[in-house]
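Number of protein chains: 2
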Amino acid sequence: MKNIPPKSAQRLIRCYHLAQESRTTEKLYLTSRAIASLLGVDETQVRKDMALIEIEGIPKKGYPVDRMIKKLETLFGIRKERLAVLVGAGNLGKALINYPRFSRYGVRIGCAFEKNPEKHFTQVGGITVYPVEKMKEMARTLKAEIGIIAIPPQEAQEMAMRLVEAGIRGIWNFSPTLLRLPPGVVVRNECLETGLVTLLYELERGEGSCISCAGTTSSPSLP
Amino acid sequence: MKNIPPKSAQRLIRCYHLAQESRTTEKLYLTSRAIASLLGVDETQVRKDMALIEIEGIPKKGYPVDRMIKKLETLFGIRKERLAVLVGAGNLGKALINYPRFSRYGVRIGCAFEKNPEKHFTQVGGITVYPVEKMKEMARTLKAEIGIIAIPPQEAQEMAMRLVEAGIRGIWNFSPTLLRLPPGVVVRNECLETGLVTLLYELERGEGSCISCAGTTSSPSLP
DNA sequence: TGGTGTGAACTCCTTCACAGCT
DNA sequence: AGCTGTGAAGGAGTTCACACCA
Numbered sequence: 005m006k007n008i009p010p011k012s013a014q015r016l017i018r019c020y021h022l023a024q025e026s027r028t029t030e031k032l033y034l035t036s037r038a039i040a041s042l043l044g045v046d047e048t049q050v051r052k053d054m055a056l057i058e059i060e061g062i063p064k065k066g067y068p069v070d071r072m073i074k075k076l077e078t079l080f081g082i083r084k085e086r087l088a089v090l091v092g093a094g095n096l097g098k099a100l101i102n103y104p105r106f107s108r109y110g111v112r113i114g115c116a117f118e119k120n121p122e123k124h125f126t127q128v129g130g131i132t133v134y135p136v137e138k139m140k141e142m143a144r145t146l147k148a149e150i151g152i153i154a155i156p157p158q159e160a161q162e163m164a165m166r167l168v169e170a171g172i173r174g175i176w177n178f179s180p181t182l183l184r185l186p187p188g189v190v191v192r193n194e195c196l197e198t199g200l201v202t203l204l205y206e207l208e209r210g211e212g213s214c215i216s217c218a219g220t221t222s223s224p225s226l227p
Numbered sequence: 005m006k007n008i009p010p011k012s013a014q015r016l017i018r019c020y021h022l023a024q025e026s027r028t029t030e031k032l033y034l035t036s037r038a039i040a041s042l043l044g045v046d047e048t049q050v051r052k053d054m055a056l057i058e059i060e061g062i063p064k065k066g067y068p069v070d071r072m073i074k075k076l077e078t079l080f081g082i083r084k085e086r087l088a089v090l091v092g093a094g095n096l097g098k099a100l101i102n103y104p105r106f107s108r109y110g111v112r113i114g115c116a117f118e119k120n121p122e123k124h125f126t127q128v129g130g131i132t133v134y135p136v137e138k139m140k141e142m143a144r145t146l147k148a149e150i151g152i153i154a155i156p157p158q159e160a161q162e163m164a165m166r167l168v169e170a171g172i173r174g175i176w177n178f179s180p181t182l183l184r185l186p187p188g189v190v191v192r193n194e195c196l197e198t199g200l201v202t203l204l205y206e207l208e209r210g211e212g213s214c215i216s217c218a219g220t221t222s223s224p225s226l227p
């Protein structure tokens, strides 16, 4: 399969959600028009994306939902079992631990870390909280691949570096800090403030209905 | 000021964060190179963005931080007082109520709504939780502009419609549901699952490919 | 020298137009 | 008719190259 351009990938992720939804309602096919209108893009675009991942549609019916799901799951690495560790067991951290839908994607939070000693060795939503000093040891033994940063911005950079030293290859960053990390580490910035400002901006302009989507991803690198 | 293309807007939001950060360290100027390397984009890009919002730089010095902040605040409608209502007082909702940084942008959560009757008229982080039936009445009297959806996907569509009926013009949607709403309503999807899948995809591909939901790709690096 | 400013070239993405399948 | 498939045109965003300024 050819390399997927970023914009297509982004649309395809949302197609995956749509396909999942369709499966629960036992819809076997989705037309490009249906997908396009829900995603807020052009029909042709959807067809091009489908061609890109080599999904063939049937005229008058649409694209087969089950094949879409299968294809997209292998494409995106969904369902592969992966372990994550959480840095920050505050309100946001707790919400992430209790978010029921991550397991669908094969991702499980193995343990959490905190600076605040009061929380050490307590349980949050069934997850044990350790001191940050234990990070290297724990992440290594768990063979965790993903690090989730849910702490205030001042400490984000330091914790991210620690995660990388502990062997983490992908960071899901909920802090507004722009992280500087060695090459090869993938960072997904889920900065809520950026999201809020985007919304404010669109309200300000008062333009018709706009659909904007979450954060940014990057592969930051040290020179 | 000319209309700002979405991609530039995205970058400018992050410039705003950078400028804020610089102000705390009393840096008076930021060069296009410094900004570019942190945002993971080209220098020229940054200069074009600055030209777009009519910020003039000084050769050998860079762009004045204070003017950037001022300009960007008016551009994005930051600091304008706005009221938001929250739908869903679960873990995520609670985290959003307690997120300390939203007030910087003039946004305050006025009240919350819940289906679960056990939570009705209780307080969560200083915010009162009302039954969803009260939404129209409450949102109207508060003159709320923003609705935050932090509930499971099944109910998201219905609640979004209710918000719109209550006069809400901007929706910050944390559920994975793609909302169908009348024109004129601005929706910002902050779907966490999409974010997670994006990260998984990056991990799967390894280094190099970067994707983002809002269309911006970045590879930040240390200066 | 170390930065900004900007037209022009280029690349990538989107939309159009229409052919083909059922 | 109703949909997919795709080359070609069009548009948006990015990078290059170089002028200019302190």
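Sequence lines, in order, name chains C and V.
In the working numbering, each number is its position in the first sequence, counted from 1, plus 4.
In the working numbering, each number is its position in the second sequence, counted from 1, plus 4.
For every residue, glycine included, the Cβ atom is placed at its ideal position computed from N, Cα and C.
All of these numbers come straight from a predicted model, not from anything done at the bench.
*asked:* Do V:R112 and V:M139 count as a contact pair if the criterion is CB distance below 8 Å?
replied: It is not a contact, given that the beta carbons lie outside the stated cut-off.
*On the three-state DSSP scale, how would you describe V:V91?*
Note: V:V91 maps to strand in three-state DSSP.
*With 8 Å set as the bound, which would you pick, yes or no: does the beta-carbon of C:T202 sit closer than that to a beta-carbon of chain V?*
Output row for C:T202: interface = yes.
*Can you list the residues of chain C that V:A13 reaches, using a CB-CB cut of under 8 Å?*
Residues of chain C passing the Cβ test: T202, Y205.
*Identify whether C:F1 lies in helix, strand or coil by the three-state DSSP scheme.*
Since the displayed chain C opens at 5 and closes at 227, residue 1 of chain C lies outside it and no answer follows.
*One or two residues paired with V:R190 in a DSSP bridge*: Here residue 190 of chain V is Val; the residue named in the question, Arg, does not match the sequence. Answer is V:G174.
*asked:* Closer than 8 Å is the cut-off here; do at least three beta carbon pairs connect the segment 49–60 of chain C with the segment 71–79 of chain C?
replied: Counting C-beta pairs closer than 8 Å gives three or more between the segment 49–60 of chain C and the segment 71–79 of chain C, which meets the contact rule.
*Name, please, each residue of chain V whose Cβ falls closer than 8 Å to the Cβ of C:Y67.*
Within chain V, no residue comes near C:Y67; the closest Cβ sits about 17 Å away, beyond 8 Å.
*Within 10 angstroms of the Cβ of C:I17, are there 16 or more other Cβ atoms? Answer buried if so, exposed if not.*
C:I17 is buried by the Cβ-count criterion.
*asked:* Measuring straight from C-alpha to C-alpha, what distance separates V:L185 and C:P10?
replied: In a straight line, the C-alpha of V:L185 is about 27 Å away from that of C:P10.
*Tell me the start and end of each unbroken alpha helix (DSSP H) in the segment 5–88 of chain C that is at least 4 residues and wholly inside, in chain order.*
DSSP runs (the alpha helix (DSSP H)) wholly in the segment 5–88 of chain C: 10–28, 36–43, 47–56, 69–80.
*Have a look at C:Y20 and V:R86 and give me their C-alpha separation to the nearest angstrom.*
In this structure, the alpha-carbon of C:Y20 lies about 35 Å from that of V:R86.
*Grouping DSSP H, G and I as helix and E and B as strand, with all else coil, what is V:R1?*
This structure leaves residue 1 of chain V out entirely; chain V is present only between 5 and 227.
_Best match in V:A143, V:S26, V:E194 for proximity to V:R71 [C-alpha to C-alpha]_ = Closest option to V:R71, Cα to Cα, is V:S26.
*Tell whether a beta-carbon distance below 8 Å holds between C:I150 and C:G188.*
Not a contact, by the Cβ cut-off of 8 Å.
*Thinking C-beta only, is C:R83 closer than 8 Å to C:G66?*
Their beta carbons are not under 8 Å apart, which means C:G66 does not touch C:R83 by this criterion.
*Name the residues in the segment 79–109 of chain C whose C-beta lies less than 7 Å from a C-beta of chain V; which are they?*
Cβ contacts with chain V: F80, G81, I82, N95, L96, K98, A99, N102, Y103, R105, F106, Y109.
*asked:* So, for C:V128: in the same chain, excluding its five sequence neighbours on each side, which residues have a beta-carbon less than 8 Å away from its beta-carbon?
replied: Result list for C:V128: A93, G97, K98, I101, A116, in chain order.
*Please classify V:S216: is it buried, with 16 or more other beta-carbons within 10 angstroms of its beta-carbon, or exposed?*
Bear in mind that a pLDDT of 34 at V:S216, under 50, signals an unreliable position, so the model cannot answer this.
*Does the Cβ of V:D46 have 16 or more other Cβ atoms within 10 Å, making it buried, or fewer, making it exposed?*
Its Cβ having fewer than 16 others within 10 Å, V:D46 is exposed.
*With distances taken Cα to Cα, identify the nearest neighbour of C:N193 among C:Y205, C:S179, C:F106.*
Considering only alpha carbons, the answer is C:S179.
*Between the Cα of C:E4 and those of C:K147, C:P104, C:E162, C:R108, spot the shortest distance and give me the residue it belongs to.*
Outside the modelled stretch of chain C, which goes from 5 to 227, sits residue 4 of chain C, for which no answer is possible.
*Is the Cβ of C:R18 closer than 8 Å to any Cβ of chain V?*
With a threshold of 8 Å between beta carbons, C:R18 makes contact with chain V.
*If we call anything under 8 Å between Cβ atoms a contact, is V:V190 one with C:E206?*
Going by C-beta atoms, V:V190 is nearer than 8 Å to C:E206.
*asked:* I need the straight-line Cα distance from V:L153 to V:E159, nearest angstrom please.
replied: Here residue 153 of chain V turns out to be Ile, not Leu, going by the sequence shown. V:I153 and V:E159: Cα-Cα distance of roughly 10 Å.
*Closer than 7 Å, Cβ to any Cβ of chain V: which residues of the segment 109–133 of chain C, in chain order?*
Those residues of the segment 109–133 of chain C that come within reach of chain V (Cβ to Cβ, closer than 7 Å) are Y109, V111.
*With 16 other CB atoms within 10 Å as the buried threshold, where does V:S107 fall?*
Classified as exposed, V:S107 has fewer than 16 neighbouring CB atoms from the shown chains inside 10 Å of its CB.
_Inter-residue Cα distance where the pair is C:R209 and C:P121_ = If you take the alpha carbons of C:R209 and C:P121, they lie about 46 Å apart.
*Report the three-state DSSP secondary structure of V:C214 (helix, strand or coil).*
At V:C214 the pLDDT is 38, less than 50, meaning the model places this residue with poor confidence; the figure from the coordinates comes in the next sentence. Annotated three-state conformation of V:C214 is coil, per DSSP.
*asked:* Going by DSSP in three states, V:G151 sits in which element: helix, strand or coil?
replied: DSSP places V:G151 in strand when its eight states are reduced to three.
*So which residues of chain V does C:R173 contact, with C-beta pairs closer than 8 Å?*
Correct list: L207.
*Taking only the alpha-carbon atoms, compute the straight-line gap between C:L204 and V:L203 and give it to the nearest angstrom.*
A direct Cα-Cα distance of roughly 26 Å separates C:L204 from V:L203.
*Please report how far the alpha carbon of V:Y33 lies from the alpha carbon of V:P157, in whole angstroms.*
Whole-angstrom Cα-Cα distance: 45 Å.
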